[in-house]
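In the numbering used here, the protein residues as written are 6 to 661.
Below is one structure; the comments refer to it alone.
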């Protein structure tokens, strides 16, 4: 969409020798994850730190600032909130209903978008329906349904039956730019903007259940080489890659998750809109930004290999903006890189105050909002203890154990019923804390003691995975835990200065805790791969050939997170039931959760070690009393870290 302003003269783009300049603002959202409103459905309260409705205000401000704008979305759009779950599972949206997320996006007027990896979480039939896309796959699609009013492009997911992309790989947008001549005259000149979309190839692992046998993937670079030249041949003046992935300069492969450092080197790609990594780019004010250290990456102005690029933050926290300077000469547009820059604009100002939401967005999804609240409020039981992840990184399992117990009991029953030959093999379970403050003080699982509702189960288990099981031996269990322990930094006991406990490069959802009779210790003084000690099962040392069945989720079992012993022949079964559903069922059967039985099985501990300097981690402020109630020793709140977060220290010599 281009903003409309003053009356201007139309310019023939074929007139020889003429020249002009224009600025095109390319606006980007990414990783909205259906957080349409600034609302936390798990706590039933407003959350002004997030929300598409506030990002929409930034879009309107940018449109008022720039006479020429385009608005695109880089994926992970329709999954990730309670409203998304309600429309996919609670009361599935019908063919003649538009998905709430797309209603909101259409209210804002998008020009295009791509498909993220999480779009596949609800299966291809659902995705085909809500996007109104005929994928030419048996059992997928049907009558025309209500989808978004803007084109969705995806070049690297190919249907197995016809060998063609399941979405249009590209689209060509014809627009008119307001430009200025050297004499200061405002004129209008046509431009053709090509868009091409990409998603991470590892979707074939992450959503194997939904995709295997139906689609295949191309590498991002291979797909660009296959489809971008034709887009240029159609007359595209500039080609914008909308790529749901981050920036990784390591050696390229066709299955690379974050391949855009390599994509930027492709000659047909002019501009890159990125996502998936949940890390804003550029991020010039952040001395700790990983982008500061990457070769051929300009973290000040937002360039990769000399190509302008931007990646907004997640959940509607920000808007990516590329101020693209264009020169028009002799009937052709070219990018003036010297006058081009990228930036990420946040919905919170420097003073911490949030921008006001665009009221049109809430109006568009008012019915869905109320229905979601009713859905997540259905009672399913009660608990005599709070379940939180404030101190999950130092041993609290109150928000992990219920999921592990539900998974383990489900898999045990499944094995006993359908695989009686394995009835004597013990079942253990792995679960990670999904929310540990990455996005601020509201990014924790927090469930108070008392009544439990569906929203609480959804807070414990965020994702639309299904239950799965893998075969492991004792050596495999240890290898799994060693991989999980890479979540922590190696600690030097002799170092007098502060050392961070957590490795920022490893997401919390890859910090698996295994329970079900398993106990173990983590030696932080040892390097990755040599940290797990005293591994026991019901008090006895685990032997390397001891058989186990590990209950987990479909993402992990298929290889998500790169854990050893996953994928292919190691998968014992993929169950049809969602992890969250089995948790809800377990809570309803259990009735009332008891702390000693359901939240106090601290399967792991740190090996005690005396350190010369403090070992630090971050959590929400003023939670020290909770650590004490949980029996976590040696924890001190050292001081405020800003925005509702505090720095805590742990005395590793006091852990037990």
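We put the CB at the ideal spot given by N, CA and C, even for glycine.
Between residue 496 and residue 660 the beta-carbon gap is near 12 angstroms, outside 8 angstroms, which marks them as no contact.
Rounded to the nearest whole angstrom, the CA to CA distance from residue 298 to residue 310 is 14 angstroms. Residue 654 and residue 465 have their C-alpha atoms roughly 26 angstroms apart. Under the 8 angstroms Cβ criterion, the region 413–424 does not count as touching the region 368–380, having fewer than three qualifying pairs. Excluding its 5 nearest sequence neighbours in each direction, residue 638 has C-beta neighbours in its own chain below 8 angstroms: 656, 659, 660 and 661, listed in chain order. The region 589–607 makes contact with the region 372–391: 3 or more CB pairs, one atom from each, lie closer than 8 angstroms. Going by DSSP, residue 414 is part of the alpha helix (DSSP H) stretching over 406–423. By the C-beta criterion, the region 574–586 is judged not to be in contact with the region 530–543, since fewer than 3 inter-stretch pairs fall below 8 angstroms. When the alpha-carbon of residue 633 is set against those of 488, 399, 525 and 358, the nearest one is in 399. Burial state of residue 136 is buried, judged by a 10 Å Cβ sphere holding 16 or more other Cβ atoms.
Look at the region 129–170 and you find these whole runs of beta strand (DSSP E), each 3 residues long or longer: 162–164.
Annotation: the continuous beta strand (DSSP E) that includes residue 436 extends over 432–436. For the 8 angstroms CB-CB criterion, residue 122 and residue 222 do not form a contact. Here residue 377 carries a helix assignment [DSSP, helix/strand/coil]. 314 is the residue among 186, 379, 314 and 413 whose C-alpha sits nearest the C-alpha of residue 349. Taking 3 residues as the minimum length, the beta strand (DSSP E) runs contained wholly in the region 161–228 are 162–164, 175–186, 191–203 and 220–222, in order along the chain. Taking every protein chain shown into account, the CB of residue 303 has 16 or more other CB atoms within 10 angstroms, so this residue is buried. For the 8 angstroms CB-CB criterion, residue 448 and residue 65 do not form a contact. Approximately 33 angstroms separates the beta-carbon atoms of residue 183 and residue 40; this is outside 8 angstroms, ruling out the contact.
For residue 623, the enclosing beta strand (DSSP E) has its first and last residue at 620–625.
Within its own chain, the residues whose Cβ lies closer than 7 angstroms to the Cβ of residue 593, once the five positions on either side in sequence are excluded, are 385 and 386, listed in chain order. If you draw a straight line from the Cα of residue 458 to the Cα of residue 468, it is about 17 angstroms long.
Leaving aside the five residues that flank residue 541 on each side, the residues in its chain whose CB is nearer than 8 angstroms to its CB run, in chain order, 523, 524, 525 and 547. Between residue 393 and residue 629, the gap from beta carbon to beta carbon reaches 8 angstroms or more.
In the DSSP assignment, residue 511 falls outside any beta strand (DSSP E), carrying neither H nor E.
Around the beta carbon of residue 269, 16 or more other beta carbons sit within 10 angstroms, so the residue counts as buried.
Excluding its 5 nearest sequence neighbours in each direction, residue 328 has C-beta neighbours in its own chain below 7 angstroms: 28, 30, 345 and 346, listed in chain order. In the three-state reduction of the DSSP assignment, residue 499 falls in the coil class, being assigned neither a helical nor a strand state.
For residue 298, the three-state secondary structure derived from DSSP is helix. With contacts defined by Cβ atoms closer than 8 angstroms, residue 155 and residue 202 do not form a contacting pair.
For residue 337, the secondary structure class from DSSP, reduced to helix, strand or coil, is strand. Within the region 21–91, complete alpha helix (DSSP H) segments of at least 4 residues are found at 57–70 and 87–90, given in chain order.
Of the other Cβ atoms in all chains shown, fewer than 16 fall within 10 Å of the Cβ of residue 343; this residue is therefore exposed. Excluding residues up to 5 positions away in sequence, 40, 43, 320, 321 and 322 lie with their Cβ nearer than 7 angstroms to the Cβ of residue 55 in the same chain.
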